[in-house]
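What follows is one structure encoded as structure tokens, with my remarks underneath.
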Amino acid sequence: MQWNAWGVAAGNKPLSPAVGTLLSQAFGVQVSDGGRPSEDAVILRDSTLTADHVAGLGELVGAANVATDKSARLLRAGGKSTFDLLRRRSTDPQNAPDAVLFPADHDEVVAVLQYCSANRIAVVPFGGGTSVVGGVDPERGGSDAAIALDLRRLNSLSAIDPISGTARMGAGLTGPQAEELLGAHGLSIGHFPQSFQFASIGGFAATRSSGQASAGYGRFDDMVAHLKVATPRGTIELGKPPASAAGPDLRELFVGSEGAFGVITEVTLRVHPVAERTDYQAWSFPDFTTGAAALRAVVQAGVAPTVLRLSDEAESGVNLAMADKAGGAAVTSGCLAITTFEGTAAHVASRAAEASAILTENGGTALGADPARQWEHGRFNAPYMRDALLDSGVLCETLETATTWSNLGTLRGAVTAALSEALTGQGTPPLVLCHISHTYPTGASLYFTVICAQKDDPIAQWTVAKRAASDAMVGNGGTITHHHAVGSDHRPWMTAEVGDLGVEILRAVKNVVDPAGILNPGKLIP
Ligand SMILES: Cc1cc2nc3c(=O)[nH]c(=O)nc-3n(C[C@H](O)[C@H](O)[C@H](O)COP(=O)(O)OP(=O)(O)OC[C@H]3O[C@@H](n4cnc5c(N)ncnc54)[C@H](O)[C@@H]3O)c2cc1C
Numbered sequence: 177m178q179w180n181a182w183g184v185a186a187g188n189k190p191l192s193p194a195v196g197t198l199l200s201q202a203f204g205v206q207v208s209d210g211g212r213p214s215e216d217a218v219i220l221r222d223s224t225l226t227a228d229h230v231a232g233l234g235e236l237v238g239a240a241n242v243a244t245d246k247s248a249r250l251l252r253a254g255g256k257s258t259f260d261l262l263r264r265r266s267t268d269p270q271n272a273p274d275a276v277l278f279p280a281d282h283d284e285v286v287a288v289l290q291y292c293s294a295n296r297i298a299v300v301p302f303g304g305g306t307s308v309v310g311g312v313d314p315e316r317g318g319s320d321a322a323i324a325l326d327l328r329r330l331n332s333l334s335a336i337d338p339i340s341g342t343a344r345m346g347a348g349l350t351g352p353q354a355e356e357l358l359g360a361h362g363l364s365i366g367h368f369p370q371s372f373q374f375a376s377i378g379g380f381a382a383t384r385s386s387g388q389a390s391a392g393y394g395r396f397d398d399m400v401a402h403l404k405v406a407t408p409r410g411t412i413e414l415g416k417p418p419a420s421a422a423g424p425d426l427r428e429l430f431v432g433s434e435g436a437f438g439v440i441t442e443v444t445l446r447v448h449p450v451a452e453r454t455d456y457q458a459w460s461f462p463d464f465t466t467g468a469a470a471l472r473a474v475v476q477a478g479v480a481p482t483v484l485r486l487s488d489e490a491e492s493g494v495n496l497a498m499a500d501k502a503g504g505a506a507v508t509s510g511c512l513a514i515t516t517f518e519g520t521a522a523h524v525a526s527r528a529a530e531a532s533a534i535l536t537e538n539g540g541t542a543l544g545a546d547p548a549r550q551w552e553h554g555r556f557n558a559p560y561m562r563d564a565l566l567d568s569g570v571l572c573e574t575l576e577t578a579t580t581w582s583n584l585g586t587l588r589g590a591v592t593a594a595l596s597e598a599l600t601g602q603g604t605p606p607l608v609l610c611h612i613s614h615t616y617p618t619g620a621s622l623y624f625t626v627i628c629a630q631k632d633d634p635i636a637q638w639t640v641a642k643r644a645a646s647d648a649m650v651g652n653g654g655t656i657t658h659h660h661a662v663g664s665d666h667r668p669w670m671t672a673e674v675g676d677l678g679v680e681i682l683r684a685v686k687n688v689v690d691p692a693g694i695l696n697p698g699k700l701i702p
């Protein structure tokens, strides 16, 4: 992962001429390479970890697995939100973890947590570092120093139960590593968030991630059968598959706990055979309301496509404007929807036929397989474009929420209006694009992409817009986050989400498992 951009350098791509034209027409900006500062020009605040503590931690994980050099610290200075990427471009002094540790196994993680608890050192669990909510910010809280605990060495597939359909995996495995190990046994998780290539199994569990195939395989939290967690108080193992009525499900307390309650070291997941076949079909709808009603009809009929998404008019229009001639336009008016179906040939055929009938009845026009295949082909490339847009003086960020079907239109309208007003009020009218990418019988998520010209201080500019959008979400029946998690960025809205008593319960749990308050300070819990 690049320290100042998404992904690997080989994936960086200049903006296409079509995008350049769009940017100059919409925002009056010209494509440029931005002149990002080099690593040498970036200044990190000095490490406050004492030499004794560096040596003490080295005794636990091996001196070679404690890094205090600038590159290691800079790479873990934050996640990959637009705030993070803009902060990395600054030549003012930046916060960074005081050291980075690479433990080898669960027992080393427990030992590190106990040492840090006794020595006032905050610990920020670090998976892929793809958080977009400030989840890996190197905050010290009340401690004297903060380390990033990089879990990449916890990377084994330690058990498979093909009869029950489960696999036990190290928390540090990235999405592709996990799929490769499982693929050798003909198995797959089916979890493909846009950050798939870099995010980790432990990170998915710690943030309740949801992937692009969630309509078929569910959210990541649905897949977690068992967790092994290291806390400063010792080890806790949770989850008795297939199900249990032994009181409240404590596994749920740790799924989504964002490193504040413990470090997830091992995850046992529900897995399934690699699909025999995938069918692709794209659709066009005259408008978003009609398309959303059609998606609802499909989901409520229990048809279960693997991927089911719908872009609104603005997003479909921008996709069309951005399509290079060779790329082919997905839809020429209205809204584009994508469906895919994975499974055995017979199961794919029956679900695709049923979905097709329902979508057609509800106003959809079939566009064939190509636009759906193109979407799948390019689905991991979009984050690279954000860096090129930032280089060119364009602000670009995404945010997401969810609500019931009956409230979807109200929430979409309110968030779009809040973003438009907040940015137009600053003299930078935005394009606000939206799609549905995760569906449930009772409702759906809304995923917004916001693009506008940058002001002199884009961090302050986006802070105003993000606050307005977040207020609009919680004020209009939405959740503050459907899958990006809370981190530090959404923490101010947690009381609105779970209430005062809910916050007290979270604090009480934290006091039990982390009495010294070293685990990921400043995240999740207000
Ligand atoms: C371009 C882009 C696209 C994205 N697309 C999606 C998407 O489609 N769906 C989606 O759900 N999310 C998406 N995200 C958000 C992000 O990828 C997810 O939140 C992901 O689950 C984070 O995994 P990670 O391994 O990178 O975790 P990190 O970023 O390293 O950490 C995230 C949080 O979890 C904690 N944590 C990490 N590992 C552990 C562990 N083992 N034990 C305890 N706590 C831990 C961290 O301390 C932090 O609070 C996207 C992000 C980007 C930048």
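In my numbering, the protein residues as written are 177 to 702. Each residue gets a CB set at the ideal place from its N, CA and C atoms; glycine is no exception.
Tell me, please, which residues DSSP counts as bridged to residue i.
i      : result
His611 : Ser487, Tyr623
Ala704 : Because residue 704 is not part of the residues shown, which for the chain are 177 to 702, the question remains open.
Pro301 : Leu325
Pro338 : In the DSSP output, where bridge partners are listed per residue, Pro338 has none listed.
Ser266 : Per DSSP, none; premise fails for Ser266.
Gly592 : The sequence shown places Thr at residue 592, not Gly. Thr592 is not bridged to any residue.
Ala343 : Ile336, Leu445
His402 : Thr444
Phe517 : Asp455
At a cut-off of 7 Å, would you count residue i as near ligand 1, judging by its Cβ distance to the nearest heavy atom?
i      : result
Pro314 : no
Ala353 : In the sequence as presented, Ala is not what sits at residue 353; that position holds Gln. No; taking the cut-off as 7 Å, the Cβ of Gln353 has no heavy atom of ligand 1 nearer than that.
Thr306 : yes
Thr383 : yes
Pro279 : no
Ala661 : yes
Phe302 : yes
Pro408 : no
Gln178 : no
Gly603 : no
Lys699 : yes
Glu434 : yes
Pro559 : yes
Lys631 : no
Phe380 : yes
Leu327 : yes
Lys642 : no
Gln373 : no
Asn696 : yes
Lys256 : yes
Ile219 : no
Trp551 : no
Trp182 : yes
Ile440 : yes
Ala347 : yes
Gly387 : yes
Gly539 : no
Gly311 : yes
Pro158 : Since the displayed the chain opens at 177 and closes at 702, residue 158 lies outside it and no answer follows.
Using 8 Å for Cβ pairs, my map puts residue i next to residue j. What's the rounded Cβ distance?
i      : j      : result
Val591 : Leu622 : 7 Å
Pro697 : Ala298 : 5 Å
Leu599 : Cys572 : Between Cys572 and Leu599 the Cβ distance is about 12 Å, and since that is not below 8 Å, they are no contact.
Ala497 : Ala194 : 7 Å
Lys686 : Ala381 : At roughly 18 Å, the Cβ-Cβ gap does not stay under 8 Å, so Lys686 and Ala381 are not in contact.
Gln637 : Gln602 : 6 Å
Leu609 : Thr586 : Contact flag wrong, Cβ pair sits at about 19 Å.
Asp455 : His611 : Their Cβ separation, rounded to whole angstroms, is 21 Å, which puts Asp455 and His611 out of contact at 8 Å.
Val309 : Asp665 : 4 Å
Arg329 : Ala280 : 5 Å
Is any heavy atom in ligand 2 found nearer than 7 Å to the beta carbon of residue i?
i      : result
Gly204 : This structure lacks ligand 2; the ligands present are ligand 1.
- Message: Does the stretch 395-412 come into contact with the stretch 426-437, if we say contact requires no fewer than three beta-carbon pairs (one atom in each stretch) closer than 8 Å?
- Response: The stretch 395-412 vs the stretch 426-437: in contact.
- Determine contact between the stretch 591-603 and the stretch 208-223, defined as no fewer than three beta-carbon pairs at a distance below 8 Å. Three or more beta-carbon pairs separated by less than 8 Å are not found between the stretch 591-603 and the stretch 208-223, which leaves the two stretches without contact.
- Message: I'd like to know if the stretch 557-575 and the stretch 480-487 are in contact, where contact means that at least 3 CB-CB pairs between them fall below 8 Å.
- Response: No, because fewer than three Cβ pairs between the stretch 557-575 and the stretch 480-487 fall closer than 8 Å, the two stretches do not touch.
- Can we say the stretch 246-253 touches the stretch 279-299, given the rule of at least three CB pairs closer than 8 Å? Contact between the stretch 246-253 and the stretch 279-299 is absent: fewer than 3 CB-CB pairs across the two stretches fall below 8 Å.
- Query: With a cut-off of 8 Å, do at least 3 Cβ pairs link the stretch 268-275 to the stretch 319-337?
  - Reply: Yes, the stretch 268-275 is in contact with the stretch 319-337.
- Could you say if the stretch 562-582 and the stretch 406-426 meet the contact criterion of at least three C-beta pairs nearer than 8 Å? In short, these stretches do not touch, since the Cβ pair count stays below three.
- Message: Below 8 Å, how does it come out for the stretch 460-472 and the stretch 538-545: are there three or more Cβ pairs, yes or no?
- Response: Short answer: they touch.
- Message: Whether or not the stretch 661-669 and the stretch 613-621 are in contact is what I'm after, with contact meaning three or more pairs of Cβ atoms, one per stretch, closer than 8 Å; do they touch?
- Response: Touching, no, given that fewer than three Cβ pairs across the two stretches are closer than 8 Å.
- Query: Three or more beta-carbon pairs under 8 Å between the stretch 509-523 and the stretch 457-465, yes or no?
  - Reply: With the cut-off at 8 Å, the stretch 509-523 and the stretch 457-465 touch.
- Mind the definition here: the stretch 255-272 touches the stretch 329-348 only if three or more C-beta pairs lie below 8 Å; say whether that holds. Between the stretch 255-272 and the stretch 329-348 there are fewer than three C-beta pairs closer than 8 Å, too few to call the two in contact.
- Determine, using beta-carbon pairs with one atom in the stretch 369-382 and one in the stretch 304-323, whether at least three such pairs fall under 8 Å. In the pairwise beta carbon analysis, the stretch 369-382 is classified as touching the stretch 304-323: at least three pairs are separated by under 8 Å.
- Query: Counting pairs of beta carbons, one from the stretch 357-367 and one from the stretch 440-452, are three or more of them closer than 8 Å?
  - Reply: With the cut-off at 8 Å, the stretch 357-367 and the stretch 440-452 touch.
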